[in-house]
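The opening residue of the sequence shown carries number 5 in my numbering; numbering runs sequentially from there. The C-beta atom is built at its ideal place from N, Cα and C for all residues, glycine as well. The structure presented is a predicted model; accordingly, all values stated were derived computationally and were not measured.
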Amino acid sequence: MKKLISSILATAVALSAAVCATSAVASAADSADGAKFAMSVSFDKDTLVPGDEVVASLSLDKNPGIIGLRINVGYDDSVLSIAGRDNIVNAELLKGFVTPPPGQLANPFPLVWSDPLAEVNNEADGVVATITFKVKDDAKLGDLKDAVSVSFVDIAYIADPDTLQVGKYEPEEAYADTTKAAAKVVCKEHKFGAWETVKAADCVTAGSQKRTCEACGIEETQEIAALGHDYGEWETVKDADCVTAGSQKRTCKRCDAEETKEIAALGHDYGEWETVKAADCENAGSQKRICKRCDAEETQEIAALGHDWGEWTVVKEATETEEGTEQRTCNRCDAVETQAIPVIVPSDTPTTSDEPITSDEPITSDEPTTSDEPTTSDEPTTSDEPTTSDEPTTSDEPTSSDEPVNSDKPADTDKTNPETGSAPAVGLFVLMMGAAGAMTASFVIKKRK
Ligand SMILES: [Zn+2]
Ligand SMILES: [Zn+2]
Ligand SMILES: [Zn+2]
Ligand SMILES: [Zn+2]
């Protein structure tokens, strides 16, 4: 086995002088299972820029179990240069890598792998070597078809893993399989021309444009944003009225897209309030107003005015024994209100001082003795009234029998009787009988026009 492999390598080395990177493409070698064995070359950049470095990777695909390989690597030396052998790195996918001696970094230059012991049937695929190139400063700009190309010189592989029988491609066959990497050399700083529209944008769809470098021909593309609609003025489709919303629309000048919008209902536009029925002192009135646009009506109550009373006028003066009477009249409707004027209390009468009847005593309230009836016990005024003079007033009432309990009455306030004065009722006749038998009468007479 060793002898066999050695002879293969000897053949390979013998072929090293052959520089033939221009062969036409032919069929690739077949692996044991019939799949095509191939090597590919690729750069780590899309474009090559003068002055920059670029790395080319050599990769195996469908490795048939190579134990010996010799290739020639050629490159376009008008564009690329290799600084030295240190720029060639073996990925150790194959055994026995042999880099070319310094003096042999010619173009093309050989790379050799050999595994004489053949202890491992290596069928792994992947990168077997990387080569770093420098892009020459004066590199010609533009497309480069054969930037790097690989030619097979010799390939030995294990055809039968059990017997370790070695298979071998004929040199002609290997030479024929050449792999190339194309590249584009572009400027460091482009000189772009004007943008040209590739696809125009419309209202809703973005377009695109491109520009080209006048020096290296590289193109740059850019999106043109969608324009958005170019609407005209709003047009009324349906007028709004007082209570119903209307609508309006506008149309794009470019694409006829439509947009619609609601017009809010206007609400009624009422005129002034007009009186339908005037209010008077006691009766509410009403008023209405009408929408200027749609004749809708709104009505509202006018509250009753209440009487507009004039001053009290004495109709009959009160005496010490008799109540008087006073009246007042509404300025608006002639309603009349009448009330009593309390009996006049003699000024010399010792009033309440010795009387425990405090003013706030409830006696006064239930004791209607105040009013027009001189409740003087001894004076049986009202004929029909059995206000018995001899009848002592209520036992609990320490109102001295001879004393008009109301003595404090006329003193305290004006003549308004607290009862009738506060009572709004008109036409009310109140008759109250006090415990003392005194009688109070209050009249409110309403006289309608
Ligand atoms: Zn350019
Ligand atoms: Zn549009
Ligand atoms: Zn209206
Ligand atoms: Zn009135």
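Same chain, Cβ closer than 6 Å to residue i, neighbours up to 5 away in sequence not counted
i: T279; result: Q291
i: A143; result: P54, V83, V189
i: K99; result: D119
i: E302; result: R293
i: E359; result: The predicted position of E359 is uncertain, since its pLDDT is 43 and thus under 50; no value can be drawn from it.
i: K281; result: G289, S290
Rounded straight-line distance, which links the Cα of residue j to that of residue i
i: K66; j: P114; result: 22 Å
i: K265; j: Q213; result: 36 Å
i: G232; j: C207; result: 4 Å
i: T209; j: D234; result: 14 Å
i: D141; j: V131; result: 28 Å
i: T183; j: A205; result: 43 Å
i: P112; j: L145; result: 22 Å
i: K192; j: V58; result: 14 Å
i: P428; j: D273; result: Residue placement at P428 is flagged as unreliable, the pLDDT there being 40, under the threshold of 50; a coordinate-derived value is accordingly withheld.
i: G236; j: R254; result: 6 Å
i: D48; j: E218; result: 25 Å
i: A261; j: E223; result: 35 Å
i: G211; j: V170; result: 60 Å
i: E200; j: R215; result: 6 Å
i: L148; j: T167; result: 46 Å
i: A96; j: V116; result: Here residue 96 turns out to be Glu, not Ala, going by the sequence shown. Between E96 and V116, the C-alpha separation is close to 12 Å.
i: T323; j: S351; result: 12 Å
i: T240; j: A268; result: 12 Å
i: N91; j: F196; result: 34 Å
i: I228; j: A244; result: 41 Å
Residues near residue i in its chain [Cβ-Cβ closer than 7 Å; skip 5 each side]
i: A307; result: A283, A288
i: E276; result: R293
i: K242; result: G250, S251
i: K257; result: D234, G236
Contact test: residue i Cβ vs ligand 1 heavy atom, cutoff 7 Å
i: K195; result: yes
i: V139; result: no
i: V157; result: no
i: A219; result: yes
i: V222; result: Reading off the sequence shown, one finds Ile at residue 222, where the question assumed Val. Yes, ligand 1 has a heavy atom inside 7 Å of this Cβ.
Heavy atom of ligand 3 within 7 Å of residue i beta-carbon
i: R297; result: yes
i: D243; result: no
i: A300; result: yes
Spatial neighbours of residue i in its chain, beta-carbon cut-off 8 Å, leaving aside the 5 residues before and after
i: E315; result: R332
i: A87; result: T136, K138
i: A46; result: The amino acid occupying residue 46 in the given sequence is Ser; Ala does not appear at that position. Cβ neighbours of S46 beyond the five flanking positions: A60, S61, S63, A185.
i: E321; result: G328, I345
Contact test: residue i Cβ vs ligand 5 heavy atom, cutoff 7 Å
i: V190; result: No copy of ligand 5 occurs in the structure displayed; its ligands are ligand 1, ligand 2, ligand 3 and ligand 4 alone.
Chain D within 8 Å of residue i, Cβ atoms only
i: C337; result: Included in the structure is just one protein chain, with no chain D present.
Chain-ordered residues, beta carbon under 5 Å from a heavy atom of ligand 4:
Per the Cβ criterion, the list is C285, H311, C334, R336, C337, A339.
Output the residues surrounding ligand 2, defined as those with a CB atom closer than 5 Å to any ligand heavy atom, in chain order.
Those residues are C207, H233, C256, R258, C259, A261, given in chain order.
Ignoring anything shorter than 3 residues, give me the beta strand (DSSP E) runs that lie fully in the stretch 90–136, in order along the chain.
Complete beta strand (DSSP E) runs here, min 3: 92–94, 113–118.
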